[in-house]
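Please read the structure below before turning to the comments.
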Amino acid sequence: MKENSIPSQFSLHERLKSLNTTDFYDLVSNLLVKKPELYQLVLEWFKEKQESIPETITDNDIVSINDGLLFEYWGDARDIISEFNEPGGGPEEDEDEAFGYLDKISDLIKEGGLSTAAKLEFLDEAFEEYNINNSGFEDDLMDIFFEICQAKEEWEYLVKKLDEHPSNCRKEQIMNIQREHLHDDEAYLQERMQILTSGMDYWDLVEYYIEKGDQVKALETAEVGVLNGEGWVTKLFEFLWEYYSKKGDITNLERLVQTALSRNTEQKNMLDRLFEYYRAKGDYERAKYALLRSFEFTRQKYYAEYKRMKGFLKVPDWKSLEAEIFNKIKEKDFHDYLLICLDKGMEETVLKSILNPPKNRFGYSLEADFDEFADKLVNDFPKEILEYYWQKAYRNIPGGNRKTYWIAAKYLKKVKCIYFDVLKDEAGWIKRFSDLKSEFKKRPAFLEITSDL
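As structure tokens, this is what we get:
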């Protein structure tokens, strides 16, 4: 009820000010019973008082307030997360609200002042939801688990909670805690030696030995990893390469490249390193061999590869190899092939290609976004490029919508620029655009979008 609707002789604010401590306590207690959600607001009020009148709030009070807010925020978040853990999940509009409460928990942790007892109780409750593993909040919860632990007892308890439902992922997290936070080398190595499957597993162990200053063990582990590690092994190869290259150990560098080739992984990366190594040493023939082998494993950036080879190879070698390389790039990456054509002064080839794109081996046109080439050919072939853009504009009008009309307008603007700036034929543009508007006079959205042309 609004105060101005209460009889003038009764002032709520005045009555509240006149209440003694006992009456005021009774009032607030009664409100908290009837509206439990107010408990969070009261705690937040006391937390604000801690900042404005710190002498009225003791350190123990601060811990109690923060502990209380932790479970208030978690209770609100859990209601939503629990719903998302059910089959079918929860409504999308509730996601942001849950994340908001988790952010508040994160802020509490960063401020400090939570008791260990509250942290452990929170881990118990939060893991009940985390273990269901169906809410989509698992990553955010794990981030909070790692944030909330600071003391040894807390990290050990997190290890216990993770180990209650063993999995490879949880084992990785446990090892991270043992190594980074508990500094329990024996426990870490015992777990790590049981899980050495992927390249990342081996690299984790290599990093451990590096931190411990055990170069021999790091090298031994990396050598086994490049042979047996599954999946990602880039760091292992790079670590070994850096070591042997500093020693000038060509035998082992060549061996690493052969390992990459035989494993069918990291081939280009290692061949590129071999090329740079021999180039720095001034060994042209070996560098050339590595460079050409590297090109065989190129899957992207063909234009850059072409320029690199042209820039390094001696003129006789380049003349004998250029045609073959050029044709391979044409097959592999038509876009980069056209870039090379422009470099070679083959503008007519580029024009023909963008006006009539070739088909791939499945019969589909290789037409892509050739606008960048068209832009570069405007001055040499203005009429042809004008038609190229006109057709791209026209295709977006019949059966179109506001989105496609905007695309059409973009291309029509290019057409207008060619008429005005290159052909110096303003009348030609006015006539052609007028005819287009007449053709689509029943499309008011199109006419509106192109009205400034």
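Quick note: to get our numbering, add 4 to the position in the sequence shown (first position is 1). All C-beta atoms in this analysis are idealised placements derived from N, C-alpha and C, irrespective of residue type, glycine included. For clarity, every value in this text was computed on a predicted model and none was experimentally measured.
- Message: Does M197 pass the burial test, meaning 16 or more other C-beta atoms within 10 Å, or should it be called exposed?
- Response: Looking at its Cβ environment, which holds fewer than 16 other Cβ atoms inside 10 Å, M197 is exposed.
- Query: Which one of K420, F444 and E96 has the shortest CA to CA distance from L390?
  - Reply: Checking every option, the nearest Cα to that of L390 belongs to K420.
- 4-residue-minimum alpha helix (DSSP H) runs that sit fully inside the region 68 to 117, ordered along the chain: DSSP assignment within the region 68 to 117 yields the following whole alpha helix (DSSP H) runs of 4 residues or more, N-terminal first: 99 to 115.
- Please report the residue range of the alpha helix (DSSP H) in which Y423 lies. Here Y423 belongs to no alpha helix (DSSP H), and DSSP marks it neither H nor E.
- Message: Judging by CA-CA distance, which residue of G229, V354 and L166 is the nearest neighbour of R267?
- Response: G229
- A102 and F149 closer than 9 Å at C-beta: no
- Could you check how far apart the C-beta atoms of R82 and E133 are, in whole angstroms? I think they sit under 8 Å. 6 Å
- Task: May I have the straight-line CA-CA distance separating E151 from E242, to the nearest angstrom?
- Result: 32 Å
- Query: Does DSSP classify S455 as helix, strand or coil?
  - Reply: coil
- Would you kindly work out how many angstroms separate the C-alpha atoms of S369 and A284, rounded to a whole number? Note that S369 scores a pLDDT of 46, beneath 50, so its modelled location is shaky and nothing firm can be said.
- Please determine if the region 246 to 258 and the region 229 to 238 are in contact, where contact requires at least 3 C-beta pairs separated by less than 8 Å. no
- Which residues in the same chain as K441 place their Cβ atom closer than 7 Å to its Cβ, once the five residues preceding and following it in sequence are excluded? L451
- With a CB to CB cut of under 8 Å and the five nearest residues on each side skipped, what residues in its chain are close to L296? In the same chain as L296, and ignoring 5 residues on each side of it, the C-beta atoms closer than 8 Å to its own belong to M313 and L325, in chain order.
- DSSP state of S202, grouped into three classes? It is a strand residue.
- Below 7 Å CB to CB, which residues in the same chain sit around N138 once its five sequence neighbours on both sides are set aside? N89
- Task: Go ahead and pull the three-state DSSP assignment for E270.
- Result: coil
- Message: So, under 8 Å CB-CB, Q177 and A191 are touching, yes? Tell me the CB distance rounded to an integer number of Å.
- Response: Between Q177 and A191, the beta carbon gap of about 13 Å keeps them out of contact (Cβ cut-off 8 Å).
- Item | 7 Å Cβ shell around T454 - same chain, five flanking residues per side excluded | Around T454: A413 and L416.
- Query: From E270 to N331, what distance separates their C-alpha atoms?
  - Reply: 25 Å
- Item | Exposure of R406, with buried meaning 16 or more beta-carbon neighbours within 10 Å | Under this definition R406 is an exposed residue.
- Given Y306, which residues of its chain have a CB within under 7 Å of its CB, disregarding the five upstream and five downstream residues? I333, K336, D337 and D340
- What three-state label does DSSP hand K363 in the structure shown? Three-state DSSP puts K363 in a strand.
- Would you list, in sequence order, the uninterrupted alpha helix (DSSP H) runs of no fewer than 4 residues that lie entirely inside the region 207 to 240? 219 to 232
- Task: Take T201 and list the residues in its own chain whose beta-carbon comes closer than 7 Å to its own, dropping the five residues that flank it on each side.
- Result: Answer for T201: E234, listed in chain order.
- Would you say W78 and E129 are within 9 Å of each other, going by their C-beta atoms? yes
- Between D167 and L209, what straight-line distance do the alpha-carbon atoms span, to the nearest angstrom? 21 Å
- Message: Tell me which residues share the same chain as T120 and place their Cβ nearer than 7 Å to its Cβ, disregarding the 5 neighbours each side in the sequence.
- Response: A155, E157 and E158
- Grouping DSSP H, G and I as helix and E and B as strand, with all else coil, what is T120? helix
- If F1 and K165 are in contact, beta carbons under 8 Å, what's the gap, nearest whole angstrom? Any answer about residue 1 is impossible in this case: the structure gives the chain only from 5 up to 457.
- Since I believe K380 is in contact with L346 (beta carbons under 8 Å), could you give me their beta-carbon distance rounded to a whole number of angstroms? 6 Å
- Item | Close beta carbons around T302, own chain, < 8 Å, minus the five adjacent residues each side | Excluding positions up to five away in sequence, the list reads K272, E309 and K336.
- Alpha-carbon spacing of L278 relative to Q304, whole angstroms: 19 Å
- Task: Could you work out which residue in L275, K251 and K250 is closest to L260 when comparing CA atoms only?
- Result: L275
- Item | Of the residues P91, I84 and I344, the one placed nearest E97, counting alpha carbons only | I84
- Message: Once DSSP output is grouped into helix, strand and coil, what is the label at H185?
- Response: coil
- Task: Taking only the alpha-carbon atoms, compute the straight-line gap between E211 and V237 and give it to the nearest angstrom.
- Result: 13 Å
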